[in-house]
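Student: Quick one: structure below, then a few questions.
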Amino acid sequence: MPRTLRIRVAENPGQITSLRYANTWSARLGGKLIGSGYCLNRMEAEEQALDLVTPDEVDEVEIVEALIKD
0 MPRTLRIRVA ENPGQITSLR YANTWSARLG GKLIGSGYCL NRMEAEEQAL DLVTPDEVDE
60 VEIVEALIKD
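Have a look at this one:
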């Protein structure tokens with residue numbers, strides 16, 4: 000069964016005190032939440048999420064950029 004690591008990145012809607020909190024991310028592997036946090040950009044989100052899994056657990060990586068509407 001292929002296991003997709005889906006990383007969702009969204010702009011932080013709150014007051015930003017530092018650029019490292021500019022975006023939030025969450026990662027799901029096979030539908031199960033495996034982690035979340037803050038990041039500067041999508042590349043950093045991907046690096047942080049990949050630190051949570053081993054290469055044999057993941058067949059595909061999908062990054063979704065979510066838009067937050069006011």
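Per numbering that gives the first Met the number 0, the very first residue in the sequence shown carries number 0; after that it's consecutive. The beta-carbon is built from N, C-alpha and C at its ideal position, and this holds for glycine as well. Everything numeric in this text was worked out from a predicted model, so none of it was measured.
(1) Helix or strand or just coil, what does DSSP make of L28?
(2) Report the rounded CA-to-CA distance for T53 versus L28, giving the unit in angstroms.
(3) Can you check which of these residues, K31, G30, A48, L32, is closest to C38 by C-alpha distance?
(4) How is R5 classed by DSSP in three states: helix, strand or coil?
(5) According to the neighbour-count rule (16 or more other Cβ atoms, all chains shown, within 10 Å of its Cβ), is N11 buried or exposed?
(6) Going by C-alpha distance, which of V57, Q14, L18 is nearest L4?
Tutor: The short version:
(1) For the purposes of this step, residue 28 is taken as residue 29 along the sequence shown, with counting starting at 1. Strand, per DSSP.
(2) Indexing the sequence shown from 1 puts residue 53 at position 54. Indexing the sequence shown from 1 puts residue 28 at position 29. For T53 and L28, the distance between alpha carbons rounds to 11 Å.
(3) Within the sequence shown, the letter at position 39 stands for residue 38. For the residues K31, G30, A48, L32, the minimum Cα distance to C38 belongs to A48.
(4) Taking the sequence shown and counting its residues from 1, one reaches residue 5 at position 6. It is a strand residue.
(5) On the sequence shown, position 12 is the one that residue 11 refers to. It counts as exposed.
(6) Here residue 4 is taken as the residue at index 5 of the sequence shown, counted from 1. Looking at the Cα atoms, V57 is the closest of the given residues.
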